[in-house]
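Here is the structure we will look at, set down as structure tokens.
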Amino acid sequence: MMPLPKLNIQMFLLSQTAVANDSPTGFFGILLSGGLVGILILLVLAGLSITAAYLLFDQVMTLRRKEVLPDGISDTVRQALLTGRPAEADAACRRLPSVLSVVLLSGLSEFEFGWREVEKAVEDSLAQQSARLMRRIEYLSVIGNIAPMVGLLGTVTGMIFAFQQVAATRGAAGAGDLAEGIYQALVTTVCGLVVAIPSLAIYAVCRNRVDSLIAEVAYQSQHALAPIKRRPATRARQPANTPTAAATKGITGNAKQSRKPIDRPPPAPSAKKPPQQGNSPDE
């Protein structure tokens with residue numbers, strides 16, 4: 012007759028083998044074992060990962076040096092300004108559209124107003140172009156922050172279902188059943204981190220790339236437009252809130268024309284009292 016402790020050990024091993032056979036095997040089996048909610052969350056994470064991959068490809072194509080800083084354009088603009096040909100500098104910028112070309116065109120548009128206006132236009136254009144490039148990579152930061160939250164939502168939902176199963180069986184569910192529900196729930200958190208970590212890393216790299224390119228654009232634009240410093244302004248910008256002389260003259264003339272003499276009625280004749288007849292001395 013088999014000893015009782017040995018029989019209990021064999022029954023325990025058989026039960027663990029049955030649980031292991033019922034458990035999903037393989038990575039995709041574990042992913043699909045999370046139920047409907049887990050699959051929906053995994054689909055959301057898959058969509059976020061595809062979006063992050065598209066943004067990565069877009070940034071690789073957008074932040075290329077020749078797309079932001081074409082070779083030779085700053086030297087061409089500088090030589091044209093040194094020889095007094097601003098129209099040629101403008102045409103050179105329009106032939107090679109890029110971030111640097113947009114900044115240089117902003118400065119050349121204020122060519123007649125002197126260096127101070129040119130410098131202000133360049134600074135405004137640089138801020139605008141930097142914001143435009145940063146706006147495109149901000150989505151990577153958003154994905155990096157959302158993906159772990161989505162994964163955590165799947166984990167919390169799976170934990171609720173696991174403990175609900177324990178409560179429904181009044182504690183009859185063993186530790187194996189509870190552990191199976193927990194590890195299935197943790198799959199979504201892992202997938203969320205897999206999406207978030209590369210997205211945040213790519214965002215940091217792209218942000219540093221944008222900063223370095225914008226700094227280079229600022230340097231080359233200042234170098235290319237430097238000849239304007241030696242040239243006096245030919246026009247003075249009229250303040251927007253100050254009326255021009257012609258407008259002031261027109262307003263004054265209209266005001267004078269609008270003043271018409273007021274026709275007043277003539278004064279009424281004053282009534283004179285008849286002289287009083289006094290008593291004559293003969294009476």
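Numbered by our numbering, the letters in the sequence shown go through residues 12 to 294 in order.
By construction, the Cβ of each residue, glycine as well, lies at the ideal position given by its N, Cα and C atoms.
With 16 other CB atoms within 10 Å as the buried threshold, where does residue i fall?
i    : result
A121 : Correcting the residue type first, residue 121 is Glu in the shown sequence and not Ala. Label assigned to E121: buried.
I208 : exposed
G83  : exposed
L236 : buried
P81  : buried
A63  : buried
A103 : buried
T255 : Low confidence applies here, because T255 scores a pLDDT of 48, under 50, leaving its location unreliable; read the following figure in that light. Looking at its Cβ environment, which holds fewer than 16 other Cβ atoms inside 10 Å, T255 is exposed.
I262 : Because I262 sits at a pLDDT of 46, beneath the cut-off of 50, its placement in the model cannot be relied upon, and the following sentence gives the value as read from the coordinates. I262 is exposed by the Cβ-count criterion.
L53  : buried
L137 : buried
So is residue i in contact with chain B if we call contact Cβ pairs under 8 angstroms?
i    : result
A173 : No chain B appears in this structure, which consists of one protein chain only.
Just to check my reading of the structure: residue i and residue j have Cβ atoms closer than 8 angstroms, yes? What is that Cβ distance to the nearest angstrom?
i    : j    : result
L66  : G203 : Actually they are not in contact, since the Cβ atoms of L66 and G203 sit about 17 angstroms apart, beyond 8 angstroms.
Q140 : V113 : 6 angstroms
S223 : V133 : Wrong, their Cβ atoms sit about 18 angstroms apart, outside the cutoff.
A173 : I193 : 6 angstroms
A158 : V206 : 4 angstroms
L111 : S85  : 7 angstroms
Taking C-beta to C-beta, are residue i and residue j nearer than 8 angstroms?
i    : j    : result
N155 : Q195 : Note on residue identity: the sequence assigns Gly, not Asn, to residue 155. Taking 8 angstroms as the Cβ cut-off, G155 and Q195 do not qualify as a contacting pair.
I148 : R218 : yes
L74  : D101 : no
L151 : S210 : yes
V88  : S109 : no
T199 : G49  : yes
V221 : L115 : no
L92  : I239 : yes
At least 3 beta-carbon pairs within less than 8 angstroms: the region 164-177 vs the region 226-240: no
Runs of alpha helix (DSSP H) lying entirely within the region 123-171, each at least 4 residues, in chain order: none
Runs of alpha helix (DSSP H) wholly within the region 48-135 (minimum 4 residues, chain order): 76-79, 84-93, 97-106 and 110-119
Every unbroken alpha helix (DSSP H) within the region 180-244, with a cutoff of 4 residues, ordered by chain: 186-235
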